Amino acid sequence: MDSETEPLAVLTAAYLEDRLDAAGRLRLTEILATDPQALATFNSQVRIATNLAGLRPTSADLVPRLDDLIDHLRSSRQQRTVQAVMRRRQQRSRWPMILAMAAAIAVAIGLVLVSQTTNDRSVIGTIGNAVACRSADGSPVVSGALLHAEDRLVGTADLHLKGGIRLHLAGEVTLASANGHRIRLTAGEIACEVPADRGLTFGVDTTTAAVSVVGTRFQVALGDGMTRIAVEKGRVQVEDVQGHRVILPEGGRRICSAHGSHDPTGPLRRLFDIKNLEPGLPGWYCPTSPQRNRNVSLSTGGALHPKVLKIVYDTVVGQAINQAPWDWAAYALDPAEDWRQVVALRFALRGQGRSRRFHAEIRDNGGERFLHEIVDSTTEWRMVELPLSGFVRRSQNGQPSGAPNDGLTLTKVGMVGFLFTEGAGEILVDNFNLVFQKSAGP
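Next comes the structure, spelled out in structure tokens:
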């Protein structure tokens, strides 16, 4: 190697592969000490090398070679070389040159040591097609970028992981394991394809579920505090927060909440048929008299039907009626119904996207009230599914006088509706159904 004429790229490659002779090390040191752009390029190449599996020098191998640079810097030959360089660049003073050279070596050493202590992560995959995707620090992620353990991505992108695993992300995910075979989904959706012929176990964790598979194709979505799992091919094991495990076959579905999980593919029963509701909306009530339905009406622009239920709320008006800042609208069931085979409420909802919190309410067994929180997070129509296991008892001062306190028995459900405690606004509701256990029916 003619070290005196070799470009920086060749010298850097030889240095990282331990092929750099004494003259080459001398030449590399000179370049780093006198050319800031070369130093930046060298730092970048070292960073890449310390992160690439199979090419990363070990700590026992890399640091001594940096010590060699220091030794050569201290040698009389190096001093003569530096002096020659300084004479060629008379516009620079002697001490800035020496300081620049020392800084270059210090930066190089610091870079490698930092890489070994904080960035010593194996490559576990690459980014395929990336659309508006960014990393944890907000920097854009582009196609071809390397993926490492504990990387966090936000946006839309295809991820290619070791073992032939392919993911399509539309949300936020963290690559949670050293080999890339377990991830954490913190928002949005991810579609996963795991090769069946390699014996790989792959998993997706959310706040309410742990999904594990071997050779399958499936989707996981997290939203409104619930995880939705759909299996397209193969079999998937799902474990909810209660520790209950189920195996979903091809075509299987599961919804997991903070209170458990259920199969959403059971039979449905329409609770009330909005399109047949007459003016006056029989069965609907609100807290005022004699205008019992002052805040309930029919509206156009439904998700599935020409007309939908429109509920207008105003907690200031409600306070004048209830002596407390809340408003509500509820549908009475007469006679009361046995819902012990019902697992969830499902309905289409459109709000105003103000992030206000309100509640679905069930009144059971003589008027005992139970609530499930909903967040008005979008102005678009969305399908909401509320597991009955997620309803919690309303505070005692929100219970009617004489109400029982025996839990959600679902033996005599007499009313279902919505409770509002923040501000004023409106929601639209369509296609309100009861979801029954798969083995049961309406």
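Add 31 to a position in the sequence shown, counting from 1, and you land on the number used in our numbering.
The C-beta atom is built at its ideal place from N, Cα and C for all residues, glycine as well.
Only a predicted model underlies this, so the values are computations on that prediction, with no experimental measurement involved.
Residue i vs residue j beta-carbon contact at 9 Å
i: Gly456; j: Gly398; result: no
i: Ser170; j: Ile158; result: no
i: Trp451; j: Tyr362; result: The residue asked about is misnamed: residue 451 is Phe in this sequence, not Trp. Contact: no.
i: Asp369; j: Val267; result: no
i: Glu392; j: Val447; result: yes
i: Arg259; j: Val235; result: no
i: Ser386; j: Asp255; result: no
i: Ala195; j: Gly211; result: It should be noted that the sequence gives Gly, not Ala, for residue 195. Not a contact, by the Cβ cut-off of 9 Å.
i: Glu220; j: Leu253; result: yes
i: Leu63; j: Leu57; result: no
i: Val225; j: Val204; result: no
i: Gln273; j: Gln372; result: no
i: Leu364; j: Ile405; result: no
i: Gly202; j: Ala180; result: no
i: Ser243; j: Glu270; result: yes
i: Leu178; j: Leu206; result: yes
i: Cys223; j: Leu198; result: yes
i: His390; j: Phe303; result: no
i: Ala434; j: Arg400; result: yes
i: Pro18; j: Glu416; result: For residue 18 there is no data in the structure shown, the boundaries of the chain being 32 and 473.
i: Gly156; j: His191; result: yes
Residue i (DSSP reduced to helix, strand or coil)
i: Arg56; result: helix
i: Gln273; result: coil
i: Leu70; result: helix
i: Ser426; result: coil
i: Ser386; result: coil
i: Asn150; result: Its pLDDT being 43, under 50, Asn150 is placed unreliably by the model, and the measurement read from it follows with that caveat. Asn150: coil per DSSP, three-state reduction.
i: Gly195; result: helix
i: Ser432; result: coil
i: Leu346; result: Looking at the sequence shown, residue 346 is not Leu but Thr. It is helical.
i: Val267; result: strand
i: Val41; result: helix
i: Glu281; result: coil
i: Leu419; result: helix
i: Glu411; result: coil
i: Leu302; result: coil
i: Arg96; result: Low local confidence applies: a pLDDT of 40 at Arg96 is under 50, so the model's placement there is unreliable, with the coordinate-based value given in what follows. Of the three classes helix, strand and coil, the one that applies to Arg96 here is helix, per DSSP.
i: Leu63; result: helix
i: Phe463; result: strand
i: Thr296; result: coil
Outcome for residue i when other beta-carbon atoms lying within 10 angstroms are tallied against a minimum of 16
i: Asn462; result: buried
i: Arg388; result: exposed
i: Val162; result: exposed
i: Thr442; result: exposed
i: Ile278; result: exposed
i: His275; result: exposed
i: Val251; result: buried
i: Ala133; result: Bear in mind that a pLDDT of 45 at Ala133, under 50, signals an unreliable position, so the number given afterwards is only what the model happens to contain. The residue is exposed, with fewer than 16 neighbouring Cβ atoms inside 10 Å.
i: Met414; result: exposed
i: Ser292; result: buried
i: Thr232; result: exposed
i: Asp228; result: exposed
i: Arg301; result: exposed
i: Asn326; result: buried
i: Val145; result: Residue placement at Val145 cannot be trusted, given a pLDDT of 33 that sits under 50; what the coordinates show is reported in the next sentence. Under this definition Val145 is an exposed residue.
i: Val185; result: buried
i: Val466; result: buried
i: Pro95; result: Legend: pLDDT at Pro95 = 34, less than 50; position of this residue unreliable, no value from coordinates given.
i: Asp395; result: buried
i: Asn436; result: exposed
i: Gly297; result: buried
Supposed contact pair residue j and residue i - C-beta distance, whole angstroms, cut 8 Å
i: Leu556; j: Ser328; result: Since the first residue shown for the chain is 32 and the last is 473, residue 556 is missing from the structure and cannot be characterised.
i: Leu402; j: Leu419; result: About 12 Å separates the two Cβ atoms, so there is no contact after all.
i: Gly265; j: Arg248; result: 6 Å
i: Thr72; j: Leu39; result: 6 Å
i: Phe183; j: Ser166; result: A quick correction: the sequence has Arg, not Phe, at residue 183. That belief holds up - the Cβ atoms of Arg183 and Ser166 are roughly 7 Å apart, short of 8 Å.
i: Leu299; j: Asn428; result: Leu299 to Asn428, Cβ: 35 Å. No contact.
i: Thr346; j: Gly421; result: That pair is no contact at about 24 Å.
Residue i at chain C interface by Cβ criterion, 9 Å
i: Phe389; result: Protein chain content of the structure displayed is limited to a single chain, and chain C is not contained in it.
- prompt: Below 8 Å, can you find three or more Cβ-Cβ pairs linking the segment 238-255 to the segment 286-299?
  reply: yes
message: With three or more C-beta pairs closer than 8 Å as the rule, is the segment 373-381 touching the segment 357-365?
response: no
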